[in-house]
Amino acid sequence: MIELDLTTDVLVVGGGPAATWAAVKAAAAGADVVLADKGYCGTSGATASAGTGVWYVPPEPAEREAAMASREGLGGYLADRRWMARVLDQTYAGVNELAGATRYPFPVTGNGEQLRTGLQGPEYMRRMRAWVRRRGVRILDHSPVTELLADPSGAVAGAVGHRRQVGRDFRVRAGAVVLASGGCAFLSGALGCNVNTGDGALFAAEAGAELSGMEFSNAYGIAPEGTSVTKTAFYHYATFYTEDGNESR
Ligand SMILES: Cc1cc2nc3c(=O)[nH]c(=O)nc-3n(C[C@H](O)[C@H](O)[C@H](O)COP(=O)(O)OP(=O)(O)OC[C@H]3O[C@@H](n4cnc5c(N)ncnc54)[C@H](O)[C@@H]3O)c2cc1C
364 MIELDLTTDV
374 LVVGGGPAAT
384 WAAVKAAAAG
394 ADVVLADKGY
404 CGTSGATASA
414 GTGVWYVPPE
424 PAEREAAMAS
434 REGLGGYLAD
444 RRWMARVLDQ
454 TYAGVNELAG
464 ATRYPFPVTG
474 NGEQLRTGLQ
484 GPEYMRRMRA
494 WVRRRGVRIL
504 DHSPVTELLA
514 DPSGAVAGAV
524 GHRRQVGRDF
534 RVRAGAVVLA
544 SGGCAFLSGA
554 LGCNVNTGDG
564 ALFAAEAGAE
574 LSGMEFSNAY
584 GIAPEGTSVT
594 KTAFYHYATF
604 YTEDGNESR
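Numbered by our numbering, the letters in the sequence shown go through residues 364 to 612 in order.
Set out below in structure tokens:
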């Protein structure tokens, strides 16, 4: 039974960094926004419980070039430089905006310069939630989306879900839906990933979307049994050799 029936311009599905940034940006552009999170927005997802290294590199051509070159080997020389350049631009702009809008307490060097190359997940996501709320976004916590809605032409027109703490369903009719429900790492056991059951990818596939890059979505690392982190330092610290004993690239 539907307990809550809303109509909005933009429905954002998820509550991690992708979702909260999407909600902030849509609201800043003048849209009425609803955000539905399976968990509690600000504490759910892979970032909220982690420390996040950020690729924050000033827009100096030599520094940007060195940054991209340093990552190419880590990515098995599969990375597309146009995407790397875009990520560098977006990250630099986003972190600077975050610093201004949320007054994130970056560590400060002896010369008074802020170090913006890392974020503490709990502090970051707490501030993202506050920013989302300041923008007037309606947040539905503990409210997993279970299915997209489509209009008669087949276009996505909102979603339905379940309000876990009320035990009733909800429906949001929306002009646009942003799927930002994270990856599909729930079996990894990594902290914060229990909510990441790939729902958004499934909804998109059900709506007829073509997915790309999925071959890279399940790179589980090697870690001692029972640890909460399954990320590995595989390429950082290993050296590989070809059969004739030469170092492999
Ligand atoms: C151990 C570890 C270390 C990492 N280190 C770094 C790092 O140093 N630097 C870096 O840049 N990245 C790092 N990452 C990756 C980074 O955490 C993720 O890329 C990032 O969290 C993805 O953000 P997201 O918003 O897409 O998803 P998430 O942060 O995972 O959020 C997903 C959100 O979707 C919600 N959700 C899921 N299903 C539904 C549904 N059906 N309905 C409603 N809501 C739903 C969840 O509750 C959650 O709020 C690391 C990840 C891990 C696991």
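Using N, Cα and C, we set each Cβ at its ideal position, and we do this for glycine too.
Own chain, CB closer than 6 Å to residue i, minus 5 neighbours either side, in chain order
i    : result
Y598 : Low per-residue confidence applies at Y598: pLDDT is 48, beneath 50, and the placement is therefore not dependable, though the value from the model is reported in the following sentence. Within the same chain, Y598 has close Cβ partners L437.
G555 : G408, A409, A411, S412
V500 : A386, A390, V396, L398
I365 : D532, R534
Nearest candidate by alpha-carbon position, reference residue i, set the options
i    : options                : result
V535 : S544, L503, C556       : L503
M377 : E423, G563, I365       : The sequence shown places Gly at residue 377, not Met. Closest by alpha carbon: G563.
G561 : V529, A548, K401, P422 : A548
T472 : E423, T480, R434       : T480
R490 : S516, V458, H505, D514 : V458
L461 : R444, L482, R445, L441 : L482
L565 : G545, G608, D607, T605 : G545
E588 : S551, N609, T605       : S551
Y455 : R492, N559, R427       : R427
Close-in-space but distant-in-sequence residues of the same chain around residue i (CB under 7 Å, 5 per side omitted)
i    : result
A567 : L542, L574
Those residues which DSSP pairs with residue i across a bridge
i    : result
L437 : Paired residues: none, contrary to the question.
A448 : Beta-bridge pairing links A448 to no other residue.
A522 : L511, V535
Q483 : G414
R501 : V397
Close Cβ partners of residue i (< 8 Å) along its chain, the five nearest in sequence each way excluded
i    : result
A537 : T370, T371, D372, V373, L374, V397, A520, G521, A522
T465 : R490, M491, A493, W494
Report task. Could you tell me whether the segment 417-430 touches the segment 438-453, where touching means 3 or more Cβ pairs closer than 8 Å? Result -> Segment contact: the segment 417-430 against the segment 438-453, three or more CB-CB distances shorter than 8 Å; contact assigned.
Requested in this report: Decide if the segment 518-526 is in contact with the segment 490-509; the criterion is three or more beta carbon pairs, one per stretch, under 8 Å apart.
Outcome: yes
Query raised in the report: So does the segment 365-373 actually touch the segment 470-485, counting three or more Cβ pairs closer than 8 Å?
Result: no
Report task. Pick out the complete beta strand (DSSP E) segments inside the segment 375-423, 3 residues or longer, and give them in chain order. Result -> 396-399, 414-416
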